[in-house]
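A.B. asks: One structure is given below, represented as structure tokens, and several questions about it will come after.
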Amino acid sequence: MTAPQSLAGPIRAGSERRAVARGVLYVHSSPRALCPHVEWAAGRALGEAVNFEWADQPVLRGSQRAEYYWQGPSGTGAALASALRGWEHLRFEVTEDAGPASDGGRWLHTPDLGIFYAQTDTVGNVVIPEDRLRYAMEVAGANALELHRELRLALGQAWDDELEPFRHACDFNSVVWLHAVGD
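If you count the sequence shown from 1, you need to add 44 to reach our numbering.
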């Protein structure tokens, strides 16, 4: 009888491979003074010192933005989001790609809304759990507008709406803020 095989080679009793995850930390806006602290907190969550390439964030004068591609054990995305969520002036997004043995995740944070988490599939789509869908249908009843509101909440649409200008802002694009009447 031969030893069981996996795509990576023979499976040996007692040898467990730690799942490797990867993802991206997007710091959409950070006050300049906070940047070194953000690096320290992210490095602590990743288990190694990190240095980001900071750039001016044209949407919010005096703030910086950065992207950092990371790799670590499964669950590192949650650790990064937890390490950064305490700073109220920080806008960030963390993604963790789904792996063979784990779901992906997406964490969004804004000063006004706080933190949002959603499970993601292998191509990065948000996955809404069955119980959450049932809750939305129960709360909405026959009211289609309420169902729409509940589904937008489950998808994190308010966070996406608030972060969208920060995602696409660069030195070559002009971002125009439109304020609703009465704001």
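Using N, Cα and C, we set each Cβ at its ideal position, and we do this for glycine too.
Only a predicted model underlies this, so the values are computations on that prediction, with no experimental measurement involved.
Looking at C-alpha atoms only, which residue of 73, 198 and 82 is the closest neighbour of residue 128?
C.D. replies: Here the closest residue by C-alpha is 82.
A.B. asks: Determine, using beta-carbon pairs with one atom in the segment 63-81 and one in the segment 204-212, whether at least three such pairs fall under 8 Å.
C.D. replies: Yes, they touch.
A.B. asks: How big is the Cα-Cα spacing for residue 46 and residue 144?
C.D. replies: Because residue 46 sits at a pLDDT of 44, beneath the cut-off of 50, its placement in the model cannot be relied upon, and the following sentence gives the value as read from the coordinates. If you take the alpha carbons of residue 46 and residue 144, they lie about 24 Å apart.
A.B. asks: Spatial neighbours of residue 98 within its chain, please: C-beta separation below 6 Å, excluding the five flanking residues on both sides.
C.D. replies: Excluding residues within five positions, the ones whose Cβ falls inside 6 Å are 79, 108 and 110.
A.B. asks: At which residues does the beta strand (DSSP E) containing residue 72 begin and terminate?
C.D. replies: Where residue 72 is concerned, the enclosing beta strand (DSSP E) stretches over 64-75.
A.B. asks: Using only the alpha-carbon positions, how far apart do residue 191 and residue 205 sit?
C.D. replies: Their Cα atoms are separated by approximately 19 Å.
A.B. asks: Could you give the first and the last residue of the continuous beta strand (DSSP E) run that contains residue 129?
C.D. replies: That residue, residue 129, is in no beta strand (DSSP E); it is neither H nor E in DSSP.
A.B. asks: Considering only residues of the same chain and omitting the five flanking positions on each side of residue 165, which have a CB-CB separation below 8 Å?
C.D. replies: Within the same chain, residue 165 has close Cβ partners 142, 147, 148 and 171.
A.B. asks: How would you write the range of the alpha helix (DSSP H) that residue 213 sits in, first residue to last?
C.D. replies: No alpha helix (DSSP H) holds residue 213; DSSP gives it neither H nor E.
A.B. asks: For the putative contact between residue 112 and residue 64, defined by C-beta atoms under 8 Å, what is the C-beta separation to the nearest angstrom?
C.D. replies: So it is not a contact: roughly 17 Å between Cβ atoms.
A.B. asks: Going by CA-CA distance only, name the one from 130, 150, 136 and 187 that's closest to residue 121.
C.D. replies: Answer by Cα proximity: 150.
A.B. asks: Considering only residues of the same chain and omitting the five flanking positions on each side of residue 181, which have a CB-CB separation below 7 Å?
C.D. replies: If we look at residue 181 and ignore the five residues flanking it on each side, its Cβ neighbours are 191.
A.B. asks: In terms of alpha-carbon separation, which member of 106, 202, 179 and 139 lies closest to residue 77?
C.D. replies: Considering only alpha carbons, the answer is 106.
A.B. asks: Cα separation between residue 203 and residue 161?
C.D. replies: Looking at the two C-alpha atoms, the distance is approximately 10 Å.
A.B. asks: Is the beta carbon of residue 197 sitting closer than 8 Å to the one on residue 135?
C.D. replies: Against a cut-off of 8 Å, the Cβ pair of residue 135 and residue 197 comes out as no contact.
A.B. asks: Tell whether a beta-carbon distance below 8 Å holds between residue 115 and residue 66.
C.D. replies: In contact: residue 115 and residue 66 (Cβ atoms closer than 8 Å).
A.B. asks: Output the boundary residues of the beta strand (DSSP E) element that contains residue 152.
C.D. replies: Per DSSP, residue 152 belongs to the beta strand (DSSP E) from 148-154.
A.B. asks: Count the other CB atoms within 10 Å of the CB of residue 92; is the residue buried (16 or more) or exposed (fewer)?
C.D. replies: Exposed is the call here.
A.B. asks: Check whether the Cβ atoms of residue 138 and residue 157 sit closer than 8 Å, and answer yes or no.
C.D. replies: Going by C-beta atoms, residue 138 is not nearer than 8 Å to residue 157.
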